[in-house]
Structure formats: structure tokens, C-alpha cells
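Residue numbers (our numbering), protein chains in the order written: chain A, 1 to 107; chain B, 1 to 113.
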Amino acid sequence: KNEVEQSPQNLTAQEGEFITINCSYSVGISALHWLQQHPGGGIVSLFMLSSGKKKHGRLIATINIQEKHSSLHITASHPRDSAVYICAAVRADGLTFGKGTHLIIQP
Amino acid sequence: KAGVTQTPRYLIKTRGQQVTLSCSPISGHRSVSWYQQTPGQGLQFLFEYFSETQRNKGNFPGRFSGRQFSNSRSEMNVSTLELGDSALYLCASSLADRAYGYTFGSGTRLTVV
Chain A
1 KNEVEQSPQN LTAQEGEFIT INCSYSVGIS ALHWLQQHPG GGIVSLFMLS
51 SGKKKHGRLI ATINIQEKHS SLHITASHPR DSAVYICAAV RADGLTFGKG
101 THLIIQP
Chain B
1 KAGVTQTPRY LIKTRGQQVT LSCSPISGHR SVSWYQQTPG QGLQFLFEYF
51 SETQRNKGNF PGRFSGRQFS NSRSEMNVST LELGDSALYL CASSLADRAY
101 GYTFGSGTRL TVV
């Protein structure tokens with residue numbers, strides 16, 4: 001079993017829909033990192049959070065430390081949100097990554 | 001300010017050769033970490049350097065090595081290349097306290113033939 005599990009693996013939705021991507025981890029962490037990767041490989045850091053909730057534009061990330069679970073939400077999704085979203089557990093020995101969620105937003 | 005710079009962007013090598021990849025962190029970031037990304041395994045941690053010292057190492061064979069210079073620039077080296085080493089190699093830089101987050105470079109895509 002992976003230490004960091006993401007779901008779903010693949011998600012196709014229509015423009016405007018509310019999107020939720022989930023991340024569960026089984027290890028102790030100091031923080032959780034949400035990353036976005038577009039075709040071509042470049043990775044952009046979206047959020048780093050260790051408690052509660054963070055919001056940036058249409059993106060919201062939450063984390064529940066007790067339940068070892070985090071969610072990434074996208075409101076009013078747009079085709080440009082199409083990308084792979086990866087969660088990563090920040091630990092003393094480095095980052096441990098989920099397998100990623102491949103999101104496609106259709107116009 | 002300039003982001004994390006990785007060179008080269010693309011590289012084709014032959015089995016058995018060695019390769020050196022470079023990563024220049026954001027100014028002021030003293031920690032550089034390296035990752036390998038393949039379609040089968042996803043992103044995996046290779047190693048992390050802080051102030052010229054290896055702080056952590058992932059589960060990779062000794063053919064993978066790295067170093068960090070006094071200006072925080074880092075290099076990783078892969079010796080005796082194998083076909084399975086074909087991957088996107090990413091580096092990320094951060095402040096000493098990782099809780100402030102990581103900034104990733106665009107990666108070096110290595111193809112071993």
C-alpha cells in the first residue's frame with residue numbers, strides 16, 4: 001500500500017463543474033503539498049498546508065490532520081485547469097508523492 | 001526573481017554512458033532536492049542537499065549521486081546508464097525549513113537508448 005493515496009486517478013468533467021480530488025496518507029507529516037503538472041512536465045506548487053484550509057482564486061485546499069486526509073477543490077472549473085494534480089507528504093526525510101489525478105475539463 | 005533553472009532540458013544518452021544534470025535554485029534557497037518521474041512509478045525522491053551536505057537519500061542505487069556547491073547549485077550524476085533510467089528528472093529548491101514550500105524546475109528529460 002502506498003503511503004500517499006490519491007483518488008480518483010482520472011477525472012473528466014464539464015466546464016463549470018465543482019471538482020474534488022482527495023489525498024490520504026498513512027505516515028506522519030509536517031505538511032502536505034498540492035502540485036499541478038501540465039503536459040511538458042513543469043510542476044507548479046499550488047498549496048502547502050499543515051492545518052485547516054487555504055484558498056487561492058478558484059482553488060481551495062483543506063487538510064484534516066487527525067483523519068490524515070486532504071482535499072483539493074476547484075470551483076467553476078475551466079479547460080485550462082486540465083492537468084495532473086499531485087499531493088505530496090512533507091516529511092523529515094523528504095517528499096512522498098501520490099500517483100496523481102489526471103483531470104480533464106471539457107468545454 | 002528567477003525561478004529554479006535546470007539544464008539541459010533534453011538529453012539523449014546511450015546505455016553504459018554517464019550523465020550530469022544541473023540545477024540552480026532560487027536565490028536564497030539553500031536546499032535542493034532531486035526527483036525522478038516515470039510513467040510507471042510516478043514521482044520518486046532521489047536525494048536532498050542542504051548547505052553542501054546530503055540531508056536525505058531515497059531508495060535508488062549507488063549509480064545515482066549528487067552534490068551541492070557553495071553557491072547552492074546542485075548537480076546529479078547517473079553512471080552506467082540503463083534503459084530504465086529514462087525519465088523526467090526534476091529538482092526543487094526550498095528554504096531551510098521545508099514548511100515554506102518547494103519551487104520546482106522544468107525538469108530534464110533524459111532518454112537512454
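Each residue gets a CB set at the ideal place from its N, CA and C atoms; glycine is no exception.
For residue i, which residues from the same chain have a beta carbon less than 8 Å from its beta carbon, with the 5 sequence-adjacent residues on both sides left out?
i	result
A/Gly100	Gln6, Gln9, Gln37, Val84, Tyr85, Ile86
B/Ser70	Glu52
B/Tyr49	Ser31, Val32, Ser33, Arg55, Gly66, Arg67, Gln68, Ser74
Rounded C-beta distance between residue i and residue j? I'm assuming under 8 Å.
i	j	result
B/Phe45	A/Gly94	4 Å
B/Gly62	B/Ile26	Actually they are not in contact, since the Cβ atoms of B/Gly62 and B/Ile26 sit about 29 Å apart, beyond 8 Å.
Is the beta carbon of residue i less than 9 Å from the beta carbon of residue j?
i	j	result
B/Ser33	B/Tyr89	no
B/Gly107	A/Ile43	yes
A/Ala92	A/His33	no
A/Gly98	A/Val4	yes
To the nearest angstrom, how far is the alpha carbon of residue i from that of residue j?
i	j	result
A/Ala61	B/Gln17	43 Å
B/Gln54	A/Leu11	38 Å
B/His29	A/Lys54	24 Å
B/Gln68	B/Ser22	10 Å
A/His73	B/Tyr35	26 Å
B/Cys91	B/Glu75	10 Å
A/Ile105	A/Arg58	14 Å
A/Gly52	A/Lys68	12 Å
A/Ala31	A/Asp81	24 Å
A/Ser71	A/Ser77	16 Å
A/Gly41	A/Gln66	33 Å
B/Asn77	A/Thr96	22 Å
B/Asn56	A/His56	31 Å
B/Gly58	A/Leu35	20 Å
Which residues in chain B have a C-beta closer than 7 Å to the C-beta of residue i? List them in chain order.
i	result
A/Ile43	Leu90, Phe104
A/Ile86	Leu43
Counting only Cβ pairs nearer than 8 Å, list the residues of chain A close to residue i.
i	result
B/Asn114	Residue 114 of chain B lies beyond the range of chain B shown here (1 to 113); nothing can be said about it.
B/Ser33	Gly94, Leu95
Could you tell me which chain A residues have their CB closer than 7 Å to the CB of residue i, listed as they occur along the chain?
i	result
B/Asn71	Near B/Asn71 there are no residues of chain A at all, since even the closest Cβ is about 22 Å away, more than 7 Å.
Near residue i, which residues of its chain fall below 6 Å by C-beta distance, leaving aside the five closest residues on each side in sequence?
i	result
B/Lys13	Val19, Leu81, Val112
A/Ile63	Leu32, Leu49, Ser70
A/Ile21	Leu72, Tyr85, Thr101
Mind listing the chain C neighbours of residue i? Cutoff is C-beta to C-beta under 9 Å, in chain order.
i	result
A/Gly28	Absent from the structure: chain C. Protein chains present are A and B.
At 8 Å on the CB atoms, spell out the chain B contacts of residue i, in chain order.
i	result
A/His113	Absent from the model: residue 113 of chain A. The displayed extent of chain A is 1 to 107, so no value can be given.
Apart from the five residues just before and just after residue i, which ones in its own chain have a Cβ nearer than 7 Å to its Cβ?
i	result
B/Gln37	Leu43, Ala87, Leu88, Leu90
A/Glu15	Ser77, His78, Pro79, Ile105, Gln106, Pro107
B/Ser79	Gln18, Arg63
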